[in-house]
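*Asks:* Take this structure first; my questions come after.
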Amino acid sequence: MARFTPARIARAFALIVLAAGVVWPARPAAAAHNSDHRLVEPAPPPRPIDYAQLTREATALLQNYIRIDTTNPPGDELGAARMLKEKFLSDGVPATVWEPAPGRGVIAARLHGIGRHAKSIVLLSHMDVVPANPKEWEVPPFSGEIKNGEIWGRGSLDDKGPGVIELMAMLAIKRAGILLDRDVIFIATGDEEEGGKMGAGWTVAHESDLFADAGYLLNEGGAIEKRPNGKEYFAVSIAEKTPLWIRVTAAGPADHAAMPPDETAVTRLARALDRLDNWRAPIRLIDPVRDYFREIAALDGGPPQYRSLARALRDPAFARKFTADPHHDALVRDTFTPTVLRAGDKTNVIPSLAEAEIDGRLLPGENPITAMADVSKAMGDANLKTEVLLNFPSVSSPRDSRMMTAIQELAAREHAAVVPTMIAGFTDSHYFREKNIDCYGFIPIELTPGEMKGVHGVNERMSVKKLGAGIRRMVELLELAGGRARATRERRR
Ligand SMILES: [Zn+2]
């Protein structure tokens with residue numbers, strides 16, 4: 240056994256120093272002010288990103304993802320969650336899968352930044368899809384077949400394609416050795432198409448530590464669109480309408496239908512729904528909607544009324560014309576639509592109960608209690624029972640934030656405008672907005688009205704080219720939002 244005499248220790252130290260002289264490059268004097276720095280290798284500059292290779296890989300991943308049937312109900316997202324987890328793990332990105340209920344799945348992965356405690360960015364998507372009837376499709380909806388340069392299948396746009404873009408952008412950043420100022424967290428949930436209780440709702444309720452440091456979230460809800468005149472804009476949803484789903488029940492005596500009384504549960508419900516149908520909630524123009532139309536008018540060069548919509552809507556003739564478009568109408572007022580009817584099941588028996596479900600949609604800032612009172616008043620029958628089936632607070636995200644600035648910088652590179660929007664539906668973003676995270680509905684892919692018809696429709700498909708461009712833009716967006724923009728631009732020159 241060697242004895243470590245002071246002389247030996249001194250010799251060993253000299254050898255280490257010598258070795259250090261060979262291995263460590265010389266530093267400019269200014270950098271050596273802190274002796275610790277001489278022991279640290281700087282991170283190597285990022286390597287170039289091979290987008291052609293990434294696109295091939297993303298295409299194969301999306302095909303496999305589509306082939307895992309996650310039609311909700313029942314959802315069965317667990318297999319898809321495991322596949323995405325494996326993809327992250329194979330690149331050394333830690334990822335975890337949860338099973339909120341048998342067969343259901345949630346997956347999350349975290350790409351670490353340099354740990355400056357800047358708020359992290361969540362990339363959210365959902366793994367479940369709406370049903371698809373193969374008879375109506377040109378290709379089997381769960382085939383993931385490639386036809387005319389497009390990946391066909393249910394979920395290719397909503398929302399498996401966007402999930403793949405988010406995942407591949409994270410892997411691209413990891414592989415290139417790009418160090419962001421903040422962490423990026425990937426979360427894919429299930430059950431979005433049925434309200435998200437077993438997906439995003441479960442995640443927020445049970446695993447909130449996962450995103451405790453998050454400040455921003457990107458989700459579905461907006462994309463790159465074109466006006467009819469060809470002007471491109473990045474539509475970013477900053478607000479959503481909130482559901483107020485109501486059950487209305489009318490009661491009356493059960494009787495033989497051969498000797499009907501004046502009024503029955505069925506006739507009372509029918510009259511109430513008719514009165515509701517003849518009523519409209521008042522027009523209310525909220526700021527994001529006012530801004531949306533103003534900015535659309537700037538892109539289109541008109542109509543002039545859109546530049547001061549509040550004033551224009553006071554003119555009854557213009558208001559009538561404007562709200563004749565159901566999409567416009569939904570943006571400026573609360574809507575209440577009867578969708579479900581239930582009463583008797585025998586032709587000759589008067590049922591004692593008749594019920595309807597009404598899909599109400601409220602503008603941000605609307606008070607649900609007042610709205611319920613308005614609906615009851617419109618139905619004009621004090622003996623009806625009303626219950627709320629679904630409602631949650633409506634929260635909007637700020638128009639100005641680090642993430643919005645990053646999206647604006649990305650759009651500027653393509654000479655496109657950014658138009659903040661409110662969507663008439665709702666997404667899983669509301670679960671995270673309630674946790675004070677700034678959520679933006681934006682996926683950086685170009686979508687035509689024809690392609691959008693595939694969402695919840697038939698022949699849903701994503702072009703391979705757009706998938707690749709989406710990954711490139713998502714990488715750039717994360718660099719812009721995550722603090723590495725300058726380095727990237729220098730590399731590109
Ligand atoms: Zn969706």
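For the sequence shown, position 203 matches number 442 in my numbering, and the numbering has no gaps at all. Each residue gets a CB set at the ideal place from its N, CA and C atoms; glycine is no exception. Being a predicted model, the structure only gives us computed values, none of them experimental.
Please classify P380: is it buried, with 16 or more other beta-carbons within 10 angstroms of its beta-carbon, or exposed?
*Replies:* Taking the first residue of the sequence shown as 1, we reach residue 380 at position 141. With 16 or more Cβ atoms within 10 Å of its Cβ, P380 is classed as buried.
*Asks:* Can you have a look at K624 and say buried or exposed, based on whether 16 or more other CB atoms are within 10 angstroms of its CB?
*Replies:* In the sequence shown, the residue the question calls residue 624 occupies position 385. Exposed, by the Cβ-count rule.
*Asks:* Alpha carbon to alpha carbon, how far is P637 from D677?
*Replies:* Your numbering for residue 637 matches position 398 in the sequence shown. Your numbering for residue 677 matches position 438 in the sequence shown. The alpha-carbon atoms of P637 and D677 are separated by roughly 7 Å.
*Asks:* Start and end of the alpha helix (DSSP H) containing A555?
*Replies:* Along the sequence shown, one-based indexing puts residue 555 at 316. Residue identity check: residue 555 is Pro in the sequence provided, not Ala. P555 to T562 is the span of the alpha helix (DSSP H), which, as asked, contains P555.
*Asks:* Count the other CB atoms, across all protein chains shown, that sit within 10 Å of the CB of T660; report buried if there are 16 or more and exposed otherwise.
*Replies:* For the purposes of this step, residue 660 is taken as the residue at position 421 of the sequence shown. With 16 or more other Cβ atoms within 10 Å, it is buried.
*Asks:* For G434, which option in T666, N698 and W518 has the closest C-alpha, if you only look at C-alpha atoms?
*Replies:* By 1-based counting over the sequence shown, the position of residue 434 is 195. Out of T666, N698 and W518, T666 has the C-alpha closest to the C-alpha of G434.
*Asks:* Quick check: the Cα distance between A415 and P284, rounded to an integer number of angstroms?
*Replies:* Counted from its first residue, the sequence shown places residue 415 at position 176. Counted from its first residue, the sequence shown places residue 284 at position 45. Using only the alpha carbons, I get a separation of about 9 Å.
*Asks:* Are there any heavy atoms of ligand 1 lying less than 6 Å away from the beta-carbon of D367, as far as the coordinates show?
*Replies:* Taking the first residue of the sequence shown as 1, we reach residue 367 at position 128. Not so, every heavy atom of ligand 1 lies at least 6 Å from the Cβ.
*Asks:* Which residues in the same chain have their Cβ closer than 8 Å to the Cβ of R466, if we skip the five residues on either side of it in sequence?
*Replies:* For this step, residue 466 is matched to residue 227 along the sequence shown. So the list reads Y472, I535, L538 and D539, once near-sequence residues are dropped.
*Asks:* Between I684, P688, G722 and T503, which has its C-alpha nearest K704's C-alpha?
*Replies:* One-based indexing of the sequence shown puts residue 704 at position 465. Nearest of I684, P688, G722 and T503 to K704, Cα basis: I684.
*Asks:* With three or more beta-carbon pairs closer than 8 Å as the criterion, would you say the stretch 290-301 touches the stretch 688-708?
*Replies:* Yes: the two stretches touch, three or more of their Cβ pairs being nearer than 8 Å.
*Asks:* Hey, is the stretch 419-430 in contact with the stretch 377-392, meaning 3+ C-beta pairs nearer than 8 Å?
*Replies:* Taking 8 Å as the limit for Cβ pairs, the verdict is that the stretch 377-392 does not touch the stretch 419-430.
*Asks:* Would you decide whether G689 is buried or exposed? Buried here means 16 or more other CB atoms lie within 10 Å of its CB.
*Replies:* In the sequence shown, the residue the question calls residue 689 occupies position 450. Per the 10 Å Cβ criterion, exposed.
*Asks:* Quick check on DSSP: helix, strand or coil for N303?
*Replies:* Residue numbering aside, residue 303 sits at position 64 when the sequence shown is read from its first letter. Helix, per DSSP.
*Asks:* According to DSSP, simplified to helix, strand and coil, what is W484?
*Replies:* To locate residue 484, count along the sequence shown from 1; it is residue 245. Here W484 sits in strand by DSSP.
*Asks:* Please report the straight-line C-alpha distance between L328 and L548, rounded to a whole angstrom.
*Replies:* Numbered from 1 along the sequence shown, position 89 holds the residue referred to as residue 328. Numbered from 1 along the sequence shown, position 309 holds the residue referred to as residue 548. Computed Cα separation, rounded: 51 Å.
*Asks:* Does the Cβ of E534 lie closer than 6 Å to at least one heavy atom of ligand 1?
*Replies:* As a first step, residue 534 is located in the sequence shown; it is residue number 295 there, counting from the start. Checking every heavy atom of ligand 1 against the Cβ of E534, none is found closer than 6 Å.
*Asks:* For W518, does the count of other Cβ atoms within 10 angstroms reach 16, so buried, or fall short, so exposed?
*Replies:* One-based indexing of the sequence shown puts residue 518 at position 279. By the 10 Å Cβ count, W518 comes out exposed.
*Asks:* Between which two residues does the beta strand (DSSP E) harbouring S447 extend?
*Replies:* The residue you call residue 447 lines up with position 208 of the sequence shown. No beta strand (DSSP E) holds S447; DSSP gives it neither H nor E.
*Asks:* Can you name, in chain order, every residue of its own chain whose Cβ lies under 6 Å from the Cβ of S640, other than the five neighbours on each side?
*Replies:* In the sequence shown, counting from the first residue as 1, residue 640 sits at position 401. The answer, listed in chain order, is D677.
*Asks:* With a threshold of 16 other CB atoms inside 10 Å of the CB of I305, please say whether the residue is buried or exposed.
*Replies:* As a working note, residue 305 is residue 66 in the sequence shown. Its Cβ being crowded by 16 or more others within 10 Å, I305 is buried.
*Asks:* Determine the DSSP secondary structure at S547, reduced to helix, strand or coil.
*Replies:* One-based indexing of the sequence shown puts residue 547 at position 308. Looking at S547 - three-state DSSP - the assignment turns out to be helix.
*Asks:* Starting from the Cα of G568, find the closest Cα among A490, I525, R581 and P632 and give me that residue.
*Replies:* Working through the sequence shown from its first residue, we reach residue 568 at position 329. Residue identity differs from the one stated: residue 568 is Asp in this sequence, not Gly. Taking only the C-alpha atoms, the option nearest D568 is I525.
*Asks:* Taking the runs of the beta strand (DSSP E) that are 3 residues or longer, which of them lie wholly in the stretch 334-362?
*Replies:* Correct list: 334-337 and 345-350.
*Asks:* For the alpha helix (DSSP H) that V423 lies in, which residues bound it at each end?
*Replies:* In the sequence shown, residue 423 corresponds to position 184, counting from 1. Looking at the DSSP string, V423 is not in any alpha helix (DSSP H); the run it does join, the beta strand (DSSP E), is V423 to T428.
*Asks:* Starting from the Cα of E180, find the closest Cα among L363, E384 and I662 and give me that residue.
*Replies:* Absent from the structure is residue 180, since the part of the chain shown begins at 240 and ends at 732.
*Asks:* What does L592 pair with, by DSSP beta-bridge criteria?
*Replies:* The sequence position of residue 592 within the sequence shown is 353, counting from 1. In DSSP, L592 forms a bridge with A490.
*Asks:* Would you mind working out which of N372, L580 and P313 sits nearest T488, comparing C-alpha positions?
*Replies:* Numbered from 1 along the sequence shown, position 249 holds the residue referred to as residue 488. When each option's Cα is compared against that of T488, the closest is L580.
*Asks:* Which stretch, first to last residue, makes up the beta strand (DSSP E) that contains I525?
*Replies:* On the sequence shown, position 286 is the one that residue 525 refers to. Looking at the DSSP string, I525 is not in any beta strand (DSSP E), and its letter there is neither H nor E.
*Asks:* Would you tell me roughly how many angstroms separate the C-alpha atoms of I522 and T578, rounded to the nearest one?
*Replies:* Within the sequence shown, the letter at position 283 stands for residue 522. Within the sequence shown, the letter at position 339 stands for residue 578. Taking the straight line from one Cα to the other gives about 23 Å.
*Asks:* Helix, strand or coil: how does DSSP classify W391 here?
*Replies:* What you label residue 391 is simply residue 152 of the sequence shown in a count that begins at 1. Strand.
*Asks:* Compute the distance between the beta-carbons of L601 and A610, then report whether it is under 7 Å.
*Replies:* For the purposes of this step, residue 601 is identified with residue 362 of the sequence shown, where counting begins at 1. For the purposes of this step, residue 610 is identified with residue 371 of the sequence shown, where counting begins at 1. Yes.
*Asks:* Compute the Euclidean distance between the alpha carbons of I485 and G460, then round it to the nearest angstrom.
*Replies:* Taking the sequence shown and counting its residues from 1, the one referred to as residue 485 is at position 246. Taking the sequence shown and counting its residues from 1, the one referred to as residue 460 is at position 221. Using only the alpha carbons, I get a separation of about 25 Å.
*Asks:* Under the three-state reduction of DSSP, which class applies to R510: helix, strand or coil?
*Replies:* Position 271 of the sequence shown, counted from the first residue, corresponds to residue 510. It is helical.
*Asks:* Measure the CB-CB distance between V694 and D398 and report whether it falls below 7 Å.
*Replies:* As a working mapping, residue 694 is identified with position 455 in the sequence shown. As a working mapping, residue 398 is identified with position 159 in the sequence shown. No, Cβ-Cβ distance for V694 and D398 is not below 7 Å.
*Asks:* If you drop the 5 nearest sequence neighbours on each side, which residues of the same chain put their C-beta closer than 7 Å to that of E338?
*Replies:* Here the question's residue 338 lines up with position 99 in the sequence shown. The answer, listed in chain order, is L317 and G344.
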